[in-house]
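Since the structure comes first, as structure tokens, the remarks are kept for the end.
Protein chains: 2
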Amino acid sequence: MLTESGCTQRQQNLFALLPGDVEWVLVGDPRHVQYFCGFRANPISFSAFESALLLMQRDGTSVLLADNFTRRTAADPVYAFREEIAAWYDHKHSVINRDHILRDLVARHTRDLDVAQGLIEAEAISAAIASVVGNVRSQVATESGQQSTGSMIRQLRRCKLPDEIELLRRCMDAGAAGQLAAFQAVRAGVTEIDVYLAVQAAAQQAAGRAAVVYGDFRATNASSFKAGGLPTDYVLQAGDLFILDFSVVIAGYRSDFTNTVAVGVPSAEQLSQADACISALRNAEQSLRADELCSNIFTAADNVLVERGFAGLSHHAGHGLGMEHPEPPILVPESIDILRTGDVITLEPGLYVEGTGGMRFEHNYLITEQGAERLSHHRLGLQAG
Amino acid sequence: MLTESGCTQRQQNLFALLPGDVEWVLVGDPRHVQYFCGFRANPISFSAFESALLLMQRDGTSVLLADNFTRRTAADPVYAFREEIAAWYDHKHSVINRDHILRDLVARHTRDLDVAQGLIEAEAISAAIASVVGNVRSQVATESGQQSTGSMIRQLRRCKLPDEIELLRRCMDAGAAGQLAAFQAVRAGVTEIDVYLAVQAAAQQAAGRAAVVYGDFRATNASSFKAGGLPTDYVLQAGDLFILDFSVVIAGYRSDFTNTVAVGVPSAEQLSQADACISALRNAEQSLRADELCSNIFTAADNVLVERGFAGLSHHAGHGLGMEHPEPPILVPESIDILRTGDVITLEPGLYVEGTGGMRFEHNYLITEQGAERLSHHRLGLQAG
């Protein structure tokens with residue numbers, strides 16, 4: 003889980019980026035409220051799509067603003083210096099428009115905010131709320147030009163702190179349990195949904211709690227060699243390949259890794275194609291280190307596939323991982339991104355071949371100055387070991 | 003699923019409520035985009051918390067604005083007259099702040115919007131987007147005073163159209179499958195999480211697709227007689243009562259009903275307490291009809307509990323059901339709400355008694371002029387039939 007010291011450090015890192023006259027920042031993207039104080043409305047709750055706001059001050063005090071029903075869904079500790087929770091619903095009276103509760107909470111601060119320079123996250127603060135804050139900046143001058151609050155926070159988010167990496171490992175442990183279950187679940191006669199349910203259950207058992215499990219849970223085969231998205235009622239047949247490319251989301255962070263499982267005994271062509279993909283992954287892995295061009299990582303994966311006589315990559319070689327999907331850095335041929343220490347990224351070469359089927363294999367990595375630490379530990383391969 | 007004719011009717015109903023000079027309305031709450039055109043970013047996807055906007059015109063044309071990665075997650079048909087989908091990510095280039103894509107899409111319309119009177123949903127349109135729309139109204143005068151766009155849509159949402167009721171029935175069928183599975187899953191020696199996983203799987207199998215299943219999955223007993231929320235690793239013991247009060251969310255709509263299952267053979271006290279709750283439900287059910295005061299429905303449930311010698315209700319007797327939880331009408335002692343034809347509501351009397359345990363029972367109803375149609379059909383009772 004995110005820690006108090008991690009949240010404090012992230013707030014300090016934000017103010018260090020900002021001009022010295024910015025005394026407060028108001029954020030509203032649920033990812034960013036969580037990033038700075040740990041609070042997130044549980045996505046598996048009736049308040050999944052309700053909002054909370056975090057008002058951060060340069061002196062380290064911060065205030066979480068939320069309605070009582072949103073606040074109570076939190077599954078994890080909250081490290082705001084203070085909380086202002088408004089009673090929206092009390093089981094005794096009718097309710098008003100819930101969005102107005104949050105606006106009225108912010109309005110209580112209008113006068114305080116007016117006496118110091120501040121910054122709002124205009125991308126994620128509603129117009130109704132911004133109107134009670136007054137005429138406040140939503141972007142500041144930086145070395146790379148005017149930047150919005152949301153864009154600056156996204157930059158910060160690339161460099162994961164220790165609590166974030168620990169949380170990502172927890173997501174990955176749950177994901178690995180799901181991948182392991184798939185070796186049992188994938189067999190002729192079951193539906194894609196059956197496999198999804200087995201994987202979802204195993205991942206949540208390992209997580210020790212309800213968690214969103216999303217991604218690609220789809221069979222491919224000789225004629226239908228490219229498929230993605232949530233599972234259908236398609237019944238698996240011998241010779242199919244089942245792509246499991248999924249994320250387990252815990253406290254807003256997510257793992258993201260793939261394996262492909264053969265239904266029945268894989269053919270020689272399928273095994274050879276898998277070997278090419280996994281070799282592409284290993285080769286790209288060798289190039290991972292801070293300051294490397296992301297376009298070079300793409301090339302390192304792509305070259306292996308071409309050398310083996312396959313078409314090159316038809317999608318990215320990988321991308322950044324954290325609270326959003328995908329997020330920078332992006333490992334594609336025209337990428338202008340450069341790897342940085344603290345990036346967590348994924349590598350996921352795949353091949354989708356008519357006559358053989360589609361497959362993809364993937365691991366997740368933490369970028370370091372010298373190279374990369376692989377964070378995911380599931381088995382790659384068409385069959386159980 | 004929502005239908006084209008339903009979406010068209012809902013748009014017409016909105017414009018019928020508005021002053022005649024309002025030519026366009028821009029909405030951003032994901033619930034409202036879905037309500038009027040069927041589009042929703044799949045909550046079980048990487049785009050769960052991304053936004054789309056719907057620009058509706060009085061002449062019936064509407065435009066869905068979204069980025070390509072948000073758009074592609076839709077699990078259900080979209081009935082916008084036109085779609086403007088911006089390429090945010092193409093697997094070839096680095097990405098920019100995704101929120102800015104939507105703002106730039108809206109900016110293309112600034113000039114068109116300026117020539118006619120319009121209305122924005124200020125509660126759910128970001129300040130960044132509102133700033134490119136210009137100085138536009140977000141509330142209008144109505145019989146009951148100034149009302150915001152979001153509040154007017156919430157009023158409309160109470161009266162469910164046939165496609166919404168059909169969709170709610172589908173959620174309820176999936177919920178009933180989950181309740182049925184619970185009679186098998188609840189037994190001594192398993193954890194709350196085990197029960198959740200069995201119910202979640204059964205509900206999704208019945209739904210035929212991945213769906214969010216959230217709610218209370220908690221054991222109560224003589225000493226810990228009040229519990230709610232997502233499951234824990236608590237191991238069920240003979241004598242416990244397991245409260246299953248959950249929703250299955252399909253296309254943004256949700257069922258919401260409870261049963262309580264005894265672990266082992268229920269005691270005479272537990273059976274008597276359950277009988278009181280179910281009798282309270284039946285009594286409140288008799289009072290359901292359009293124009294009834296919601297406070298009276300509360301009293302109808304509460305009175306039975308008191309007559310049976312129990313404390314009265316410690317929470318609401320029920321609430322409206324649809325895209326939000328809870329939503330008006332609210333069935334509580336101080337409610338100012340009145341039932342209307344087309345309301346879908348839930349009744350859920352419960353008792354939480356030291357020495358016996360906590361329990362709750364619940365059904366969902368469609369309010370009609372003459373009375374109510376019960377929409378949910380799961381078994382109520384501490385034991386399987």
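From first to last, the protein sequence lines stand for chains A and B.
First residue of the first sequence: 3, per our numbering; consecutive thereafter.
First residue of the second sequence: 3, per our numbering; consecutive thereafter.
Every residue, glycine too, gets a C-beta built ideally from N, C-alpha and C.
#1: Between the Cα of Val108 of chain B and those of B:His34, B:Glu86, B:Asn305 and B:Cys9, spot the shortest distance and give me the residue it belongs to.
#2: Who pairs with Met361 of chain A in a beta bridge, going by DSSP?
#3: For the ligand SAM, any of its heavy atoms closer than 7 Å to the Cβ of Val24 of chain B?
#4: Using beta carbons (cut-off 8 Å, strictly below), is Ala109 of chain B in contact with chain A?
#5: Measuring only the C-alpha atoms, how far is Ala205 of chain B from Asn298 of chain A?
#6: Which residue wins for smallest C-alpha separation from Val251 of chain B, given the options B:Pro45, B:Gln11 and B:Phe41?
#7: Cβ closer than 8 Å: which chain A residues qualify as neighbours of Tyr91 of chain B?
#8: Does any residue of chain A have a CB that is nearer than 8 Å to the CB of Phe48 of chain B?
#9: Less than 8 Å between CB atoms is the rule here; does Val214 of chain B satisfy it with respect to chain A?
#10: If you measure beta-carbon to beta-carbon, which residues of the stretch 366 to 379 of chain B are closer than 7 Å to chain A?
#11: Could I get the ranges of all uninterrupted beta strand (DSSP E) runs contained in the stretch 217 to 254 of chain B, with 3 residues as the minimum, in chain order?
#12: According to DSSP, simplified to helix, strand and coil, what is Ser274 of chain A?
#13: Find the residues of chain A that neighbour Asp69 of chain B, judging by a C-beta separation of less than 7 Å, and give them in chain order.
#14: Going by beta carbon distance, what residues of the same chain come within less than 7 Å of Ala208 of chain A, once the five residues before and after it are set aside?
#15: Could you give the C-beta distance for Glu166 of chain B and Asp247 of chain B, rounded to a whole number, given that I count them as a contact under 8 Å?
#16: So with Cβ pairs under 8 Å, would you call Pro79 of chain B a contact of chain A?
#17: At 8 Å on the CB atoms, spell out the chain A contacts of Asn99 of chain B, in chain order.
#18: Return helix, strand or coil for Asp106 of chain B, following the three-state DSSP convention.
#19: For the pair the stretch 6 to 17 of chain A and the stretch 55 to 71 of chain A, tell me if three or more CB-CB distances fall below 8 Å.
#20: How about His317 of chain B: is its C-beta nearer than 8 Å to some C-beta of chain A?
#21: So which residues on chain A does Gly1 of chain B lean against when the C-beta distance must stay under 8 Å?
#22: Examine chain A for any beta-carbon lying closer than 8 Å to the beta-carbon of Asp339 of chain B, and answer yes or no.
#23: Using three-state DSSP, classify Tyr367 of chain B as helix, strand or coil.
#24: How close, in whole Å, do the beta carbons of Ser140 of chain B and Ser150 of chain B come, if the pair is a contact with beta carbons under 8 Å?
#25: Within this structure, are the beta carbons of Arg381 of chain B and Ile245 of chain B separated by less than 8 Å?
#26: Are any of the Cβ atoms in chain B nearer than 8 Å to that of Phe41 of chain A?
#27: Quick one: grab the DSSP three-state call for Val142 of chain A.
#28: Along the stretch 23 to 41 of chain A, where does the CB come closer than 9 Å to a CB of chain B? Name the residues.
#29: For the stretch 365 to 377 of chain B against the stretch 339 to 355 of chain B, do three or more pairs of beta-carbon atoms, one drawn from each stretch, fall closer than 8 Å, so that the two count as touching?
#30: Excluding the 5 residues preceding and the 5 following His102 of chain A in the sequence, name in chain order all residues of the same chain whose CB lies nearer than 8 Å to its CB.
#31: Check whether the Cβ atoms of His318 of chain B and Leu333 of chain B lie closer than 8 Å to each other.
#32: Please report the distance separating the alpha-carbon of Arg42 of chain A from that of Asp114 of chain B.
#33: Bridge partners of Ile332 of chain A, per DSSP?
#34: Determine, using beta carbons only, whether Phe51 of chain B comes closer than 8 Å to chain A.
#35: Listing by chain order, which chain A residues have their CB less than 7 Å from the CB of Lys94 of chain B?
#36: Note down, in chain order, all residues in the stretch 120 to 146 of chain B with a beta-carbon under 8 Å from any beta-carbon belonging to chain A.
In terms of the structure at hand:
#1: Looking at the Cα atoms, B:Glu86 is the closest of the given residues.
#2: As a beta-bridge residue in DSSP terms, Met361 of chain A pairs with A:Leu353.
#3: Annotation note on the ligand SAM: not contained in the displayed structure, which lists no ligands.
#4: no
#5: 46 Å
#6: That would be B:Pro45, whose Cα lies nearest to the Cα of Val251 of chain B.
#7: Pro328 and Ile332
#8: yes
#9: yes
#10: none
#11: 243 to 252
#12: helix
#13: Here the premise fails: no neighbours, minimum Cβ distance about 12 Å.
#14: Asp175, Ala176 and Ala179
#15: 22 Å between Cβ atoms; not a contact.
#16: no
#17: Glu125, Ser150, Gly152, Ser153 and Arg156
#18: Looking at Asp106 of chain B - three-state DSSP - the assignment turns out to be helix.
#19: yes
#20: yes
#21: This structure cannot settle anything about residue 1 of chain B, because the visible part of chain B is limited to 3 through 387.
#22: yes
#23: strand
#24: 6 Å
#25: Arg381 of chain B is not a Cβ neighbour of Ile245 of chain B, given a cutoff of 8 Å.
#26: Cβ-Cβ to chain B under 8 Å: no for Phe41 of chain A.
#27: strand
#28: Here the close residues are Gly30, Asp31, Pro32 and Arg33.
#29: yes
#30: Ala130
#31: yes
#32: The alpha-carbon separation between Arg42 of chain A and Asp114 of chain B amounts to approximately 38 Å.
#33: A:His321
#34: It does: the Cβ of Phe51 of chain B has a partner Cβ on chain A nearer than 8 Å.
#35: Val334, Pro335 and Glu336
#36: Ile122, Ala124, Glu125, Ala126, Ile127, Ser128, Ala129, Ala130, Ile131, Ala132, Ser133 and Ser140
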